[in-house]
Each structure stands twice: as C-alpha cells, then as structure tokens.
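Everything below concerns the one structure shown next.
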Amino acid sequence: MARASIDTMTYEEAIGRIPDDPVPEFWVGGLKALEERLQALDRGSLTELAVSPGGRPIQQVTYGEFEDLESRANFNSAVASRDPTHYADTDERTKPVVFFIGPVHGHEVEGLTGLCNLLSIFETGRDLRGRAQPTLRELADECRIVVLPCGNPDGLARFKPDSLRGLTLADLKFWGQGTWADDSLIGWPDAKQQHPMTGDNVGFLGCYFNDDGVNPMHDEFFDPVGVEAPTILGTVRREAPDVTVSLHSHGYAPTLHRPKYVPLELQAASRSINRTYNALLADHDIPRLYPHDVAGESGRPPPYFNLVSAAYHISGTTGVLHECPHGLAGEEMCQLSHEGILDAQLTLYEAVLRHAIEPAEP
Ligand SMILES: [Zn+2]
Numbered sequence: 002m003a004r005a006s007i008d009t010m011t012y013e014e015a016i017g018r019i020p021d022d023p024v025p026e027f028w029v030g031g032l033k034a035l036e037e038r039l040q041a042l043d044r045g046s047l048t049e050l051a052v053s054p055g056g057r058p059i060q061q062v063t064y065g066e067f068e069d070l071e072s073r074a075n076f077n078s079a080v081a082s083r084d085p086t087h088y089a090d091t092d093e094r095t096k097p098v099v100f101f102i103g104p105v106h107g108h109e110v111e112g113l114t115g116l117c118n119l120l121s122i123f124e125t126g127r128d129l130r131g132r133a134q135p136t137l138r139e140l141a142d143e144c145r146i147v148v149l150p151c152g153n154p155d156g157l158a159r160f161k162p163d164s165l166r167g168l169t170l171a172d173l174k175f176w177g178q179g180t181w182a183d184d185s186l187i188g189w190p191d192a193k194q195q196h197p198m199t200g201d202n203v204g205f206l207g208c209y210f211n212d213d214g215v216n217p218m219h220d221e222f223f224d225p226v227g228v229e230a231p232t233i234l235g236t237v238r239r240e241a242p243d244v245t246v247s248l249h250s251h252g253y254a255p256t257l258h259r260p261k262y263v264p265l266e267l268q269a270a271s272r273s274i275n276r277t278y279n280a281l282l283a284d285h286d287i288p289r290l291y292p293h294d295v296a297g298e299s300g301r302p303p304p305y306f307n308l309v310s311a312a313y314h315i316s317g318t319t320g321v322l323h324e325c326p327h328g329l330a331g332e333e334m335c336q337l338s339h340e341g342i343l344d345a346q347l348t349l350y351e352a353v354l355r356h357a358i359e360p361a362e363p
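Positions in the sequence shown are counted from 1; adding 1 to them yields the numbering used here.
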C-alpha cells in the first residue's frame, strides 16, 4: 500500500522524529562541534570575517602563504581591458589557491563534516576517524587553501537533528526550506518564491536562511541584503582562487551542477573535475550521476544566477557546485552511510586539488 506523503509538519513533530542514536564521533552537525574543531587548530590560521544577523561569527581558516598579486583593476574592468592579469596574474603565484565554501544552507552538514575532517587532515595527517590521508595532505601542501567551514551559522544553529541520515524527504523539507504559517512544508524550489523569507505567512524558518530570512545562495549580489554572501565574495575577490567550491546536499547521489553564466571553458573545467571525481567515487563504490553538461544559457525559465556565478564574475575563478547525499531513507534516495558521506566529501576534495595543481585538458 502506498503511504500518503507528509505535507505538513509542526516543530514539535519534527523534533519528535529525530532518532535517539548519536551521530558518529567524526561527524560535525552543529555549531558546538564546529567550534571545538576550530579551537583545536594549530597549523591553520583562524580569522573571524564577519558576524551574522543572529550574532554568530563567520570564520575562515587558511593554510599556506597569501601571495599578494599586484592588482590594478577589478576583475570585470581588467577583462574589458582584454587582459585579466590587471586584476590578478595568477600564473605569477608559486601555488594555486583553492577556496572551500562550507554549507550556506545550515542543514547541509555533510559539507561541514567534510571540511572539518579536511582541517584535521591538514593539522594531523588523519581524518577525524583516525584514518591516515597522506594523498590529501600531500596535495594540500602544494596549494594555498582557504576554508570557510560554515557559510550560514544562523541556519546551522536552527538545525537540531545533527544529521538527516535515515530521515525522510519530508524531514529534509522541514529543516531545509521550512514551513508556511499553516505548517505546510515549503520544499524546493518553492522556498525561492519569497526572498527574504520573512512575513506573516512564514512558519518555521528553514535552515536555508539566516536569521533575517536571506538565502546566501541567492542574495541580491549587486546590493546585498545579507552579510554571508558579501563576506564569502570578499574572500573570493581578495584571494582570486583558481578553484572555488560551494558545498551543498540533496537526496540523491553525489554530483556537480553546471556553473551557470560563466564561460564555456570554465564549465568544461568543472566537468573535468566532475569526471575525476566520478572515477574516484567508483573506486569507493559510491553511486554517482553523469557529469554535468557544458552549455550556453537559454530556455524558459532561464537558468539561474547564484553565488557560484557571482564568484566567477568578481574573480574569474572556476566554480564548483557540489551536491552530496544526506543519506535519506526512501526508495529514490541515495542511502549512503555517514562513513560513505565522508568518503564522498574527501574524494571531492582530492579531485579539486588535483585539478588546481594540474588542470586536465577539458
Ligand atoms: Zn544547498
């Protein structure tokens, strides 16, 4: 018998559905666990960049020297001069720069866990399971790495389950996109109908949003409303990263999305990372989807511009938009274990670092 789908949920019901079993030791599913990891840093330098509307710090960790390139112009002016090196001559650097943007959607803690494990590898050579990760450590030593582990601390603070693994699509909708005032689940992509997500028709504010209802993925980039997106883009502008990775999660197998409104060459670079990633996932026996396409922007409705698009337009960076499984229960879901989720994250980082060090032909 088909089960009726759940389309309403109250906060009490959502809390009641959280399983009792604790998440594994290596999992980082909340602000407290994140803060513990950041306080344990020794090699990396930790900077507080900004404070969220809810009064929570937005923090960044760096490894490797910052190489100050002489910059005479902002990126789009330099490109218009027909020479982007007037913004940043990245060939002058001794090491490539890779920027990892942790989840800007607070419930997508798979990326937070992945990045905290990556920090542990940079610090000790081991992930938080205690497993030696010499390849990642060696690749990282050849780069300057910038990690902003949590792109939306307000959203993360609102997330109570620590992990959505074993929960259902309805739980993802509740914690992710939230509810309307009548307790009906908003879901994706309807959560983008109203922005900022404020007003009498809003029930539980999903972890997509900061405390002012702003989804950093879709801030008003030319006149920002929130603090998260401009803070992240400030790092992009200063660092001119070779590769910028935005970490997200969904119900399905791990995949990259096509970076939109960027030149075809950079879409092809992302696809080439996608191919390397898929090959590494296959080694781990983790399900995967086809690499994304490379395409001009067209169609009705047109493709959307987002934080990853914006990152290109201020720096020329190759944007990578990753979607990781939450490990939801349900037939069509990718039911990866916590271990498998961490492996998928670390595998992505390996594919990205390999590309930054030695870009493959698209
Ligand atoms: Zn997301």
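Heads up, the beta-carbon is just placed ideally off N, CA and C, and yes, glycines get one too.
Because the structure is a prediction, the values reported are computed rather than measured.
What do you get for residue i, buried or exposed, if any count of 16 or more other CB atoms within 10 angstroms of its CB means buried?
{"i": "VAL52", "result": "exposed"}
{"i": "ILE16", "result": "exposed"}
{"i": "ARG57", "result": "buried"}
{"i": "LEU299", "result": "The residue you asked about is not Leu; residue 299 is Ser in the sequence shown. With fewer than 16 Cβ atoms within 10 Å of its Cβ, SER299 is classed as exposed."}
{"i": "HIS285", "result": "exposed"}
{"i": "GLY131", "result": "exposed"}
{"i": "GLY227", "result": "buried"}
{"i": "GLY297", "result": "exposed"}
{"i": "TYR88", "result": "buried"}
{"i": "ALA352", "result": "buried"}
{"i": "SER338", "result": "exposed"}
{"i": "ASP21", "result": "exposed"}
In angstroms with no decimal places, state the Cα-to-Cα distance between residue i and residue j.
{"i": "VAL24", "j": "LYS261", "result": "35 Å"}
{"i": "THR348", "j": "VAL309", "result": "21 Å"}
{"i": "PRO162", "j": "LEU70", "result": "44 Å"}
{"i": "ASP344", "j": "LEU137", "result": "12 Å"}
{"i": "PRO288", "j": "GLY320", "result": "23 Å"}
{"i": "ALA3", "j": "PRO326", "result": "Unreliable placement is indicated for ALA3, whose pLDDT of 47 sits below 50; no coordinate value is reported for it."}
{"i": "LEU168", "j": "ASP90", "result": "47 Å"}
{"i": "GLU37", "j": "LEU165", "result": "21 Å"}
{"i": "TYR209", "j": "GLN195", "result": "12 Å"}
{"i": "ILE342", "j": "GLY328", "result": "8 Å"}
{"i": "PRO63", "j": "LEU267", "result": "According to the sequence displayed, residue 63 carries Thr and not Pro. Using only the alpha carbons, I get a separation of about 25 Å."}
{"i": "TYR253", "j": "LEU322", "result": "15 Å"}
{"i": "ASP183", "j": "PRO255", "result": "33 Å"}
{"i": "HIS106", "j": "HIS249", "result": "7 Å"}
{"i": "ALA222", "j": "GLN40", "result": "Correcting the residue type first, residue 222 is Phe in the shown sequence and not Ala. Taking the straight line joining both Cα atoms gives about 32 Å."}
Taking 6 Å as the line, does the beta carbon of residue i fall inside it for any heavy atom of ligand 1?
{"i": "HIS106", "result": "yes"}
{"i": "HIS249", "result": "yes"}
{"i": "GLU333", "result": "no"}
{"i": "GLU229", "result": "no"}
{"i": "GLU111", "result": "no"}
Should residue i and residue j be called a contact, given that it needs their Cβ atoms to be closer than 7 Å?
{"i": "THR199", "j": "GLY177", "result": "no"}
{"i": "GLY179", "j": "GLY152", "result": "no"}
{"i": "GLY156", "j": "TRP181", "result": "no"}
{"i": "ALA241", "j": "SER316", "result": "yes"}
{"i": "PRO97", "j": "ALA357", "result": "yes"}
{"i": "PRO54", "j": "ASP224", "result": "no"}
Which residues does DSSP pair with residue i in a beta bridge?
{"i": "ARG354", "result": "In the sequence under discussion, the amino acid at residue 354 is Leu, which differs from the Arg named in the question. For LEU354, which the question treats as bridged, DSSP gives no partner whatsoever."}
{"i": "THR48", "result": "GLN61"}
{"i": "VAL99", "result": "ILE146 and VAL244"}
{"i": "TRP181", "result": "VAL203"}
{"i": "THR11", "result": "None, per the DSSP bridge assignment."}
{"i": "SER250", "result": "CYS325"}
{"i": "ALA133", "result": "ARG127"}
{"i": "HIS258", "result": "LEU322"}
{"i": "LEU120", "result": "DSSP lists no partner for LEU120."}
{"i": "LEU186", "result": "THR180"}
For a cutoff of 7 Å on Cβ pairs, would you count residue i as touching chain D?
{"i": "LEU140", "result": "The structure shown contains no chain D; it is built from a single protein chain."}
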